[in-house]
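Q: Note that the sequence shown covers residues 1 to 453 in the UniProt record's numbering. The structure's right below; bear with me while I get my questions together.
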Amino acid sequence: MSGASKISNGYGSVLKCGVLLKRSVIKRKAFQKQNYKRRLFELTENALAYYEGDVENKGKHRGVIFLKSIKVVAEVDDRSLEGKTNVFQVVYADKDDFCTLYIVSDSSKDNSDNSKERKTWIDAIRSASLEKGAKFFEKYHPGVWTKKKPFFNCCDQSDRNAIGCKPDPLCRTDPSPQAPELPPRPERAPAQVYIAMFDYIPTDDSGGLELIEGEQYTIIDASAEHWWYAENRQGEQGYIPSNFIKKNCGLEMFEWYYKDCSREKSNSLLMNSKQDGCFLIRDSQSSPGEYTLAVYTTEDGGNVRHYQIKRNDQGQFYISLTYPQASIPELVHYHKHNPGGLYTRLRNPPPRGNKPQTAGFAHGKWSLDPSDLIIGQELGRGNFGVVHKGYYKNGPRRTPVAIKMMTVNPSSDEVLQEFKTMTFLAHPNLVQLYGVILDQTPQIIVTELLEHG
Numbered sequence: 001m002s003g004a005s006k007i008s009n010g011y012g013s014v015l016k017c018g019v020l021l022k023r024s025v026i027k028r029k030a031f032q033k034q035n036y037k038r039r040l041f042e043l044t045e046n047a048l049a050y051y052e053g054d055v056e057n058k059g060k061h062r063g064v065i066f067l068k069s070i071k072v073v074a075e076v077d078d079r080s081l082e083g084k085t086n087v088f089q090v091v092y093a094d095k096d097d098f099c100t101l102y103i104v105s106d107s108s109k110d111n112s113d114n115s116k117e118r119k120t121w122i123d124a125i126r127s128a129s130l131e132k133g134a135k136f137f138e139k140y141h142p143g144v145w146t147k148k149k150p151f152f153n154c155c156d157q158s159d160r161n162a163i164g165c166k167p168d169p170l171c172r173t174d175p176s177p178q179a180p181e182l183p184p185r186p187e188r189a190p191a192q193v194y195i196a197m198f199d200y201i202p203t204d205d206s207g208g209l210e211l212i213e214g215e216q217y218t219i220i221d222a223s224a225e226h227w228w229y230a231e232n233r234q235g236e237q238g239y240i241p242s243n244f245i246k247k248n249c250g251l252e253m254f255e256w257y258y259k260d261c262s263r264e265k266s267n268s269l270l271m272n273s274k275q276d277g278c279f280l281i282r283d284s285q286s287s288p289g290e291y292t293l294a295v296y297t298t299e300d301g302g303n304v305r306h307y308q309i310k311r312n313d314q315g316q317f318y319i320s321l322t323y324p325q326a327s328i329p330e331l332v333h334y335h336k337h338n339p340g341g342l343y344t345r346l347r348n349p350p351p352r353g354n355k356p357q358t359a360g361f362a363h364g365k366w367s368l369d370p371s372d373l374i375i376g377q378e379l380g381r382g383n384f385g386v387v388h389k390g391y392y393k394n395g396p397r398r399t400p401v402a403i404k405m406m407t408v409n410p411s412s413d414e415v416l417q418e419f420k421t422m423t424f425l426a427h428p429n430l431v432q433l434y435g436v437i438l439d440q441t442p443q444i445i446v447t448e449l450l451e452h453g
């Protein structure tokens with residue numbers, strides 16, 4: 001039921017009202033349960049408000065979006081929101097965030113009627129918003145981003161506030177002075193969101209932030225080379241090793257994506273795994289811009305099969321034309337539960353290799369406490385002193401280290417500064433200097449332990 005009303009409320013005269021299905025608003029700090037509620041929507045001169053009741057009895061006021069804050073009013077591709085049709089979206093600014101409300105037009109049993117209802121709501125909201133000076137974005141996402149699947153299923157972007165992938169045809173530049181000026185997006189500096197590739201547990205007093213593999217982190221300060229200041233989803237902040245994280249952009253956030261992996265390299269990685277269903281997705285070498293799925297199977301004593309990922313006329317991804325999916329992550333999810341034309345269903349990707357060394361044990365920590373060292377067997381002697389194998393008690397962990405006890409003690413400020421500088425050098429081909437103990441005799445240098453010399 002929808003239509004105009006002459007009654008007015010605190011938001012002005014009602015232009016249109018009707019009962020629609022509303023999904024929980026997606027916003028940064030409110031990841032409550034994402035459910036659906038039937039609400040009475042009222043479009044007024046100033047706002048889009050919604051209530052618990054129906055046209056006869058509005059009931060309790062549940063929320064409001066002021067028209068001037070609206071940035072997108074557009075259709076959502078059918079079935080991209082949990083299989084639903086006739087969905088539209090309203091994206092609006094809320095303080096320093098952008099929020100998305102998904103609304104379903106489903107009041108009629110006739111799908112064509114619901115489609116018409118969706119269009120009338122979109123047209124009405126857009127028109128009223130422009131009247132109030134709303135500045136729409138030039139692009140929008142025809143797909144959706146949800147908490148359950150935190151990436152847009154239209155373009156695979158994982159940032160909830162990522163710039164849209166489809167131009168809005170109604171937001172063309174118009175030389176007329178009456179046309180609304182289109183603002184740049186985003187209206188604030190974009191967040192640098194990274195994914196942890198490895199776990200990291202900081203020492204209690206280091207000011208560090210724990211990393212959990214696969215979790216997202218927002219970078220606050222990346223001015224230092226090896227230790228960045230970051231924030232996790234719970235709002236906790238601290239220093240993290242920059243070589244433990246990777247930029248969160250599209251497929252690169254997924255551990256099964258090996259961007260520049262050749263066919264030969266993928267064969268080697270998967271054959272070494274010897275696990276049925278071990279898989280990876282790589283960029284296609286023969287067809288640039290496309291992707292290839294490589295899967296290890298136990299057939300014939302072990303084999304790697306390569307499948308080209310194709311797209312149908314609707315832009316969906318598939319291995320078997322019978323089972324297309326809206327995005328590559330969704331394709332992976334499907335084939336983890338169903339072979340669907342594959343020799344075996346997908347299990348896990350191959351491991352990414354050894355965890356890298358951090359530049360020092362923590363940000364700014366180069367002077368170590370001797371009580372944190374466990375000195376083991378002697379490894380060698382030289383003019384500088386004696387080298388022992390040992391362990392450094394780094395919080396709950398025991399890190400294998402080489403402990404060099406020096407017979408010649410440097411004392412100049414220049415030498416001390418050199419030690420401090422070296423703790424912040426990190427390179428795969430350099431032995432990592434973790435720290436020093438200089439306020440005792442013998443003085444000690446603690447470095448990465450090379451098991452084979």
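Beta carbons: idealized from backbone N, C-alpha and C, even for Gly.
#1: Near Tyr11, which residues of its chain fall below 8 Å by C-beta distance, leaving aside the five closest residues on each side in sequence?
#2: List, from N- to C-terminal side, the beta strand (DSSP E) runs of 3 residues or more that fit wholly inside the segment 49-85.
#3: Quick one: what does DSSP say Tyr343 is sitting in, helix, strand or coil?
#4: So, helix, strand or coil for Thr322, using DSSP?
#5: When DSSP labels each residue in this structure, what does Asn303 get in the three-state scheme?
#6: Looking at C-alpha atoms only, which residue of Trp145, Gly277, Val19, Asp123 is the closest neighbour of Arg347?
#7: Give every residue of the same chain whose Cβ lies closer than 8 Å to the Cβ of Arg188, excluding the five residues on either side of it in the sequence, and list them in chain order.
#8: Report buried or exposed for Leu280, applying the criterion of at least 16 other Cβ atoms within 10 angstroms of its Cβ.
#9: From the DSSP secondary-structure annotation, give me the bridge partner or partners of Glu378.
#10: Going by beta-carbon coordinates alone, are Arg118 and Ser127 separated by less than 8 Å?
#11: By alpha-carbon positions, which one of Gly435, His226, Gly53, Lys265 ends up nearest to His306?
#12: Is the beta carbon of Lys22 less than 8 Å from the beta carbon of Leu101?
#13: Could you pull the DSSP bridge partners for Gly238 from this structure?
#14: Excluding the five sequence neighbours on either side, which residues of its own chain have a C-beta within less than 7 Å of the C-beta of Thr218, listed in chain order?
#15: Looking at the structure shown, is Ile328 part of a helix, part of a strand, or coil, going by DSSP?
#16: Nearest to Ile309 by CA position, among Gly302, Gly59, Glu299, Leu321, is which residue?
#17: Could you give the C-beta distance for residue 460 and Leu211, rounded to a whole number, given that I count them as a contact under 8 Å?
#18: Using the beta-carbon count (16 or more within 10 Å), is Leu170 buried or exposed?
A: Looking at the atomic coordinates:
#1: Result list for Tyr11: Glu42, Thr44, Glu45, Asn46, Ala47, Ala49, Val64, in chain order.
#2: DSSP runs (the beta strand (DSSP E)) wholly in the segment 49-85: 61-66, 70-76.
#3: Here Tyr343 sits in coil by DSSP.
#4: Thr322: coil per DSSP, three-state reduction.
#5: In this structure, Asn303 counts as strand in the three-state DSSP scheme.
#6: It is Gly277.
#7: Legend: pLDDT at Arg188 = 46, less than 50; position of this residue unreliable, no value from coordinates given.
#8: So Leu280 counts as buried.
#9: Note: Glu378 sits in a beta bridge opposite His388.
#10: Against a cut-off of 8 Å, the Cβ pair of Ser127 and Arg118 comes out as no contact.
#11: It is Lys265.
#12: Closer than 8 Å, so yes.
#13: Ala230, per the DSSP bridge assignment.
#14: Within the same chain, Thr218 has close Cβ partners Ala191, Gln192, Val193, Ala230, Glu231.
#15: In the three-state reduction of the DSSP assignment, Ile328 falls in the helix class.
#16: The shortest C-alpha separation from Ile309 is found at Leu321.
#17: This structure cannot speak to residue 460, because the chain is shown only from 1 to 453.
#18: Around the beta carbon of Leu170, fewer than 16 other beta carbons sit within 10 angstroms, so the residue counts as exposed.
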